[in-house]
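According to this note's numbering, the sequence shown is numbered sequentially starting from 4. Glycine included, each C-beta is placed from N, C-alpha and C at the ideal position. Right, one structure below, let's go through it.
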Amino acid sequence: MNATFVTESVYLGGEVNITCQVPKKHKVNLCKELDDHICQTISSSKVTEMNPSSERNEERVVRVSISNVSVRDAGVYWCGAETRDTYLTFISLNTKIQVNLIMPPVVRHEGESAEIICPYDSIYKSKPKSLCKGKCSTRDRNTLNETVREEKETKTGRLTLNDNVTARVFTGTITGLTAEDAGKYWCAVTLETDLNYLYTHLIVIMNEELNLTKYEGDDVSIQCKHHDEDQKSFCKAHEASMCVKDGVSLETIRDDRFSFSDESSTGVFTVNITDLREEDSGIYWCGTHITTKVNLNVSKDKDFSVISIISVCVILLLIGGFTLTVCKLRHKRRGDTHTHRPVHSQLPTIPSDELLYATVSHPH
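And the structure:
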């Protein structure tokens, strides 16, 4: 039987299921590959064999579950059949499983610093450790990669690596974040070959936001930046970290009114939304690892808005006209009262006023 290779990714504390085929009436054997190429059998307390999910000829498919996954559980596993006779045990391993751990995404704004934390198993405390963008392999190792080991600190340019053996954590700190820093990062331990065991996503939010105001029924086109290897995505959420789905990529909106057009040569794709609705208003994140905050405000239909504005203006004019009429009537009444007032009422009433006012009469 030819060996098969599968990769499983799981969050710390989660559960991973490993599926393999074994002949009927044979015991399932699951072991973990160590640095010296010895395959150590997993204890029965850690593994729960599930009921066969299907049957095919002389083989059955079984699923082995590893719960409460920790950093110690990351690595390469082999699964196969175990048979025994009186004196010997035969093990035939036919499935290779790479178990990777996923850390929550690191979300920072352009220009800020980001810390990527890599917990590791204590058995690797004396081994060199690396942080790589993309993959930690000799062929496609990223220039941002550096190596650190045993309580030392390595600093190159904007990247600093620090290994804390006591806490069993090494940390990579990147300062002055740019769009080029965004992407998928792997934590690795250098054994005979690099063991990529844990990864996370660094999401860089661009400082420049998009603020869009539209009306119901309108269409809108929004341009987003992306890496060649990234999936095109457009997510609606209050925080960018909420858009990461299963630690792989940003969640895409599944709606017939949303479509994508790709200009891959320019590193830009366009999101087109047709027939906008008021409920489309909200915060969107445009792009995968390089992301831009988009504030979209969709108002009621513009024809309705124009009618509303005209109605308000007419009401204000009517109120203004009514107020002006009332003021004129009051002013007219005051004028009539002033015209018929007796003459003696205009004469001084106190002695001091006689110095200021005088009555002049002409002889007849």
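Find the nearest neighbour of CYS121 within the set VAL315, MET245, ARG75, judged by alpha-carbon distance. Locating residue 121 in the sequence shown gives position 118, where the first residue counts as 1. Nearest neighbour of CYS121 by Cα position, chosen from VAL315, MET245, ARG75, turns out to be ARG75.
Simplified DSSP state of ILE126, which is helix, strand or coil: Numbered from its first residue, the sequence shown carries residue 126 at position 123. Correct three-state label for ILE126: helix.
Please classify THR146 as buried or exposed, where buried requires at least 16 other C-beta atoms within 10 Å of its C-beta. Sequence index remark: in the sequence shown, residue 146 carries index 143 (1-based). Per-residue confidence for THR146 stands at a pLDDT of 44, beneath the threshold of 50, marking its modelled position as unreliable; the derived number appears in the next sentence. The residue in question, THR146, is exposed, as its Cβ has fewer than 16 Cβ neighbours within 10 Å.
Indicate the three-state DSSP secondary structure (helix, strand or coil) for ASP265 in the structure shown. In the sequence shown, the residue the question calls residue 265 occupies position 262. In this structure, ASP265 counts as strand in the three-state DSSP scheme.
Coil, strand or helix - VAL223 by DSSP: Position 220 of the sequence shown, counting from 1, holds the residue named residue 223. Correct three-state label for VAL223: strand.
What would DSSP say about GLU113, mapped onto helix, strand or coil? Numbered from its first residue, the sequence shown carries residue 113 at position 110. In the structure shown, the three-state DSSP call for GLU113 is coil.
On the three-state DSSP scale, how would you describe LYS28? The residue you call residue 28 lines up with position 25 of the sequence shown. Here LYS28 sits in coil by DSSP.
Once DSSP output is grouped into helix, strand and coil, what is the label at VAL74? For this step, residue 74 is matched to residue 71 along the sequence shown. Helix, per DSSP.
According to the Cβ coordinates, are LEU180 and SER116 closer than 8 angstroms? Here residue 180 corresponds to residue number 177 of the sequence shown, with the count starting at 1. Here residue 116 corresponds to residue number 113 of the sequence shown, with the count starting at 1. Taking 8 angstroms as the Cβ cut-off, LEU180 and SER116 qualify as a contacting pair.
Measuring CA to CA, which of GLY285, LYS235, ILE322, ARG280 is closest to VAL271? Here residue 271 refers to the residue found at position 268 when the sequence shown is read from its first residue. Ranking the options by Cα distance to VAL271, first place goes to LYS235.
Determine, using beta carbons only, whether VAL192 and TYR127 come nearer to each other than 8 angstroms. Against the sequence shown, residue 192 aligns to sequence position 189. Against the sequence shown, residue 127 aligns to sequence position 124. It is a contact, given that the beta carbons lie within the stated cut-off.
Taking all protein chains shown into account, decide if ALA6 is buried (16 or more other Cβ within 10 angstroms of its Cβ) or exposed. Locating residue 6 in the sequence shown gives position 3, counting from the first residue. Classification of ALA6: exposed, given that the 10 Å Cβ count is below 16.
Please classify SER40 as buried or exposed, where buried requires at least 16 neighbouring CB atoms within 10 angstroms. Within the sequence shown, numbered from 1, the residue matching residue 40 stands at position 37. For clarity, residue 40 is His in the given sequence; the question names Ser instead. With fewer than 16 other Cβ atoms inside 10 Å of its own Cβ, HIS40 counts as exposed.
Three-state class that DSSP yields for VAL317 in the structure shown: Taking the first residue of the sequence shown as 1, we reach residue 317 at position 314. Looking at VAL317 - three-state DSSP - the assignment turns out to be helix.
Supposed contact pair ARG66 and ILE21 - C-beta distance, whole angstroms, cut 8 angstroms: Within the sequence shown, numbered from 1, the residue matching residue 21 stands at position 18. Within the sequence shown, numbered from 1, the residue matching residue 66 stands at position 63. Indeed they touch by this definition, with Cβ atoms about 7 angstroms apart.
Going by DSSP, what residue range makes up the beta strand (DSSP E) through THR181? The count along the sequence shown starts at 1 and reaches residue 181 at position 178. Annotation for THR181: no beta strand (DSSP E) segment contains it, and DSSP assigns it neither H nor E.
Between the segment 315-334 and the segment 291-306, are three or more C-beta pairs nearer than 8 angstroms? Put simply, the segment 315-334 does not touch the segment 291-306. Fewer than three CB pairs are less than 8 angstroms apart.
Taking its Cβ as the centre, do 16 or more other Cβ atoms sit within 10 Å of ILE293, making it buried, or is it exposed? Within the sequence shown, the letter at position 290 stands for residue 293. The residue is buried, with at least 16 neighbouring Cβ atoms inside 10 Å.
Using the Cα positions of SER133 and ASN275, report the straight-line distance between them to the nearest angstrom. Here residue 133 refers to the residue found at position 130 of the sequence shown. Here residue 275 refers to the residue found at position 272 of the sequence shown. For SER133 and ASN275, the distance between alpha carbons rounds to 41 angstroms.
Round the Cβ separation of THR176 and THR157 to the nearest angstrom and send it over; I've been treating them as touching at under 8 angstroms. In the sequence shown, residue 176 corresponds to position 173, counting from 1. In the sequence shown, residue 157 corresponds to position 154, counting from 1. Between THR157 and THR176 the Cβ distance is about 11 angstroms, and since that is not below 8 angstroms, they are no contact.
Since TYR218 and ILE105 are thought to touch, with beta carbons under 8 angstroms apart, how far apart are those beta carbons, to the nearest angstrom? In the sequence shown, the residue the question calls residue 218 occupies position 215. In the sequence shown, the residue the question calls residue 105 occupies position 102. Actually they are not in contact, since the Cβ atoms of TYR218 and ILE105 sit about 41 angstroms apart, beyond 8 angstroms.
Same chain, Cβ closer than 7 angstroms to ASN214, neighbours up to 5 away in sequence not counted: Taking the sequence shown and counting its residues from 1, one reaches residue 214 at position 211. Closer than 7 angstroms at the Cβ level, and outside the excluded window around ASN214, lie ASN298.
Quick check on the burial criterion: 16 or more other C-beta atoms within 10 angstroms. Buried or exposed for ALA77? Position 74 of the sequence shown, counting from 1, holds the residue named residue 77. Classification of ALA77: buried, given that the 10 Å Cβ count is 16 or more.
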